[in-house]
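Per this note's numbering, the sequence shown runs over residues 12 to 184. Don't be surprised by glycine CBs; every beta carbon is placed ideally from N, CA and C. Here's the structure we're looking at; comments come further down.
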Amino acid sequence: MYVTSQIIAAVSTLILITYSVMKVNRNVILICNIAINVLLGVHYLLLESYSGAICSGITAIMVWVFCYKDKCEIMRLRIFGVPVIPIFFTVLFIVSGYLSWQDVWSVMPVTGNILLVIALWNDNENIIKGIFIIVGLMWIILNLHLRSVANIVGQCLSVTSNIIYFVRIKKQI
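Shown next as structure tokens:
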């Protein structure tokens, strides 16, 4: 099970690194994050980190919902104009964290995913990737506890590539 979880984490890392170093729009970030979170949900389930698994699954659903933000605005549906959806997901993460509590480490996925709500609700790629750096650092801490080598490496690469992205942008200005 451990080896399988590491392979799954490595695949999610490949997706993450590919889009992290590229200039991409919000929709590409969202689509990649659906795939990443489904894979990480399975990864954490195999490692018996139920908070991580549940939060990753909820995040995949949340990102899928957020994909419709632009479409609803074009159709003049105002549901995304009010913060009901991010508040709903924030409460869902808190409740899922409470229900899947195993130990103090269970706080990391919940807190990280609440930050993701803020990041993914935003339309600015720089803000999204900036928050991803903070969230990546939180996942590194959890993965150190879980001894998930593949995901530690993946999150370190992700944080580094997002920092490189900001360095590249700064040089272009």
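Annotated three-state conformation of GLN183 is helix, per DSSP. A check of alpha carbon separations from ASN48 across ASN133, LEU153 and MET73 identifies MET73 as the nearest. Pairing GLY165 with LEU56, the inter-Cα distance amounts to about 18 Å.
Looking at the backbone, the Cα of GLY141 and that of MET12 are separated by about 33 Å. If you ignore the 5 residues before and after GLY147, its C-beta comes within less than 6 Å of the C-beta of GLN166, SER169 and VAL170, all in its own chain and listed in chain order.
By the criterion of a C-beta distance shorter than 6 Å, SER60 is surrounded in its chain by LEU157, once the five residues flanking it on both sides are discounted. The shortest C-alpha to C-alpha distance from VAL118 to any of PHE104, LEU131, ILE45 and ALA130 is the one to PHE104. According to the DSSP assignment, PRO120 belongs to the alpha helix (DSSP H) that extends over 118-132.
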